[in-house]
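So the structure is just underneath, and the comments pick up after that.
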Amino acid sequence: MNGDNVGPNFIRDIVEEDVRANRDGGIVVTRFPPEPNGYLHIGHAKAVCLDFGMALDFGGRCHLRMDDTNPSKETEEFVEAIKTDIRWLGFDWGDHFYYSADYFRKMYDIAEELIRHGHAYVCGLSQEEWKTYRGVPTAPGTPSPHRDRPADESLDLFRRMRAGEFADGELCLRSRIDMASPNIHFRDPVLYRILHTPHYRAGDSWCIYPMYDFAHPIEDALEGITHSLCTLEFEVHRPLYDWVIDRMDELGMLKSVNGVKIRPRQREFARLNLSYTIMSKRKLQQLVAEKRVSGWDDPRMPTLAGLRRRGYTPEAIREFARRIGVTKFESLTDMALLEHCLREDLNRRAPRAMAVLRPLKLVIENYPDGDEETFDAVNNPEDPAAGTRKVPFSRELYIERDDFMENPPAKFHRLAPGREVRLRYACYVTCTGVEKDSAGNVTAVLCKFDPQSRGGGTPDGRRVKGTIHWVSARHAVPAEFRLYDRLFTKENPADESDGSPFVDHINPASLETVQGWVEPLMAFAAPGTPVQFERLGYFCPDLRDAEPGKAVFNRSVTLRDSWARAMKAGKED
Ligand code: ATP
Ligand code: MG
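Take any residue in the sequence shown, note its place counting from 1, add 83, and you have its number in my numbering.
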């Protein structure tokens, strides 16, 4: 994973320029700071690939830091899931794993220093009152009546806040910056709030918690982060980020490396939005809590755990991150591109096999009952080294129900009465009739085969238009197939501006389960290993439910590449 992990983009240009100018001594240290209040999703993967990829590309390192300053929804389960997902994506933080909570004591001490130096004060305005005081960007705000409270008095109140003498929201610690700034985030923002809520890691040792905007630059400064990359919504918070860094500098708390003082800088990029799904952790949590999906790792979820279970590979996700690039503009990325990246990857390495999802029996009347033979099948046409395997064949096979039509239209090139098709790798068969149940449904297709065509030869040069897949009924293993579609029917379900909540647009047909058959070797496929079932798509045995003797396959993606088709059509226009 050395070299060019990230591809060209404006962040890369900035980092390159910083290294060239020998800023921070020419080193690159980034961090990925998830809040452990949910599982990582494909949007986080974009940030992970950028943070870790940039460090790799410039010979630096990337820290993993649990941004756990908000005690209410964070858990150790999420911490572990986040680590698993980042490792799975192929990235490594070495020894640099941190918790924001482990800095609480230091942050508290820094806050006291800021009070002593007149940079912060304890304020008694309620949140509602503050809205009025803070005002609007077009006119200066009104200073809090507590803004000029003597430092000693603020210090005393702050200590009593920490000691638990006040209720939630009764007081807060405010920075003393600029009530006239056109950027209202710069008008004396809150640094500490009272929250009588225990923390999953710090226990009940704190009842005041630092705000993200205060905690984050302190953590970056203490760890010596050079490039703090985040999403665009933080752009308006950047002056505050710089303000905290300046205070850290004044306090002599910026980290030095080889005698060079590291000054962290924040850079913002547009977050990933993906069509037909959602990225908000709160909304994903809601899907899980309301049991609209089976869990965070439901294969329809855009979480990394869900994508992994669906059969996505780290390589496909990293390639996707490269392809979407990094910009300053919000946009909606087409889900078809993500699927395209998966197909490209699996096409190269997934072995081929045959399966039948919706079985219809095919009986070869001129094939002796009790006889059997094997045919050689190519394991991967993209990879000659993958070799061939033996596929068993006998008188009774299963074929796909929709590969047969009793009264087909002219363009139907598969099996129909009187028509001949090639059974993949095996031989030619011609349909001689059908068997039906009392309701008139076709229960079996009767055929005769041409012994001259054994092994795929063309006896007299005659050509058939259709090739269909099959499995030998006697040898096949029963399997469950889970066929997935998009989780939402609306292109951008996160947009609720028309008044309809996102859950109203869940696709009722996002999961179809069918019972079919796979060729015998597939009974032993290890969970998670990809396979292409010919003509049906890429699948993998489910990580949770598949076991020896119980074949359960998730369809990762079909073979129809709507992205490649759209690109081709675009070129021809
Ligand atoms: P939410 O808004 O749903 O709570 P979040 O952005 O707060 O999500 P974090 O755990 O704080 O979630 O995110 C960790 C990092 O991942 C942040 O640096 C954030 O900017 C980045 N990130 C989150 N969502 C996306 C996205 N859709 N695209 C790119 N980066 C993202
Ligand atoms: Mg966040």
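Glycine included, C-beta positions come from ideal geometry on N, C-alpha and C.
In this text, all values refer to a predicted model and were calculated from it rather than measured experimentally.
{"Query": "is_contact[Arg217, chain C] using C-beta, thresh 8 Å", "Result": "Given the protein chain composition of this structure (a single chain), no chain C is represented."}
{"Query": "Status (buried if at least 16 other CB within 10 Å, exposed otherwise) for Ser311", "Result": "buried"}
{"Query": "Residue list, Cβ distance to the ligand ATP heavy atoms smaller than 5 Å", "Result": "Pro117, Glu118, Gly126, His127, Lys129, Ala130, Cys313, Thr314, Arg354, Leu355, Met362, Ser363, Lys364"}
{"Query": "Cβ-Cβ distance between Leu657 and Asp303 below 8 Å", "Result": "Only positions 84 to 656 of the chain appear in the structure, and residue 657 is not among them; the question remains open."}
{"Query": "Exposed unless 16 or more other CB atoms sit within 10 angstroms - verdict on Gln349", "Result": "buried"}
{"Query": "Top-ranked residue by Cα proximity to Lys444, from Ser555, Ala128, Glu351, Gly453", "Result": "Ser555"}
{"Query": "Tyr658 versus Glu373, Val376, Met384, Asn341, residue with shortest Cα-Cα distance", "Result": "Here the chain covers residues 84 to 656 and nothing more, so residue 658 does not appear."}
{"Query": "Through-space distance from Trp646 to Gly653, alpha-carbon basis", "Result": "10 Å"}
{"Query": "Nearest-angstrom Cα separation, counted from Phe180 out to Asn85", "Result": "Confidence in Asn85 is poor, its pLDDT being 48 and thus under 50, which makes the residue's placement too unreliable to answer from."}
{"Query": "Rounded C-alpha distance that separates Val517 from Glu483", "Result": "15 Å"}
{"Query": "Arg406: first and last residue of the uninterrupted alpha helix (DSSP H) it sits in", "Result": "397-407"}
{"Query": "Meets three-Cβ-pair contact criterion under 8 Å: the segment 445-458 and the segment 406-422", "Result": "no"}
{"Query": "Whole-angstrom C-beta distance between Gly201 and Arg270, which should lie under 8 Å", "Result": "No, Arg270 and Gly201 are not in contact; Cβ-Cβ is about 17 Å, not under 8 Å."}
{"Query": "Assigned exposure category for Arg648 - 16 Cβ within 10 Å defines buried", "Result": "exposed"}
{"Query": "Span of the alpha helix (DSSP H) around Ala419", "Result": "418-432"}
{"Query": "Residue from Glu503, Asn463, Pro475 whose Cα sits closest to the Cα of Gly453", "Result": "Pro475"}
{"Query": "Reference Asp140; option with closest CA among Ile94, Lys189, Ser339", "Result": "Ile94"}
{"Query": "C-alpha gap between Thr396 and Thr416, whole angstroms", "Result": "19 Å"}
{"Query": "Helix, strand or coil at Ile345 [DSSP, three-state]", "Result": "coil"}
{"Query": "Proximity of Val640 and Tyr621 at Cβ, strictly below 8 Å", "Result": "yes"}
{"Query": "Whether Val409 touches Gly599 by CB criterion (8 Å)", "Result": "no"}
{"Query": "Identity of the residues DSSP links to Phe487 by a beta bridge", "Result": "Leu498"}
{"Query": "Which listed residue (Glu563, Cys313, Ala499) has its alpha carbon closest to that of Gly549", "Result": "Ala499"}
{"Query": "Opening and closing residue of the beta strand (DSSP E) in which Asp459 lies", "Result": "455-461"}
{"Query": "Cβ shell of Glu617 (< 6 Å), same chain only, five flanking positions each side left out", "Result": "Arg435, Met437, His552"}
{"Query": "Rounded Cβ spacing between Arg367 and His124 (contact assumed at less than 8 Å)", "Result": "Looking at the sequence provided, one finds Leu at residue 367 rather than Arg. So it is a contact: roughly 7 Å between Cβ atoms."}
{"Query": "Cβ-based neighbour list, Phe135, same chain, cut-off 6 Å, excluding 5 preceding and 5 following", "Result": "Cys145, Phe174"}
{"Query": "Whole runs of the beta strand (DSSP E) within the segment 189-271, excluding any shorter than 3 residues", "Result": "203-206, 255-258"}
{"Query": "Residue range of the alpha helix (DSSP H) that includes Phe161", "Result": "159-172"}
{"Query": "Length at least 3, wholly inside the segment 559-598: the beta strand (DSSP E) runs in chain order", "Result": "560-567"}
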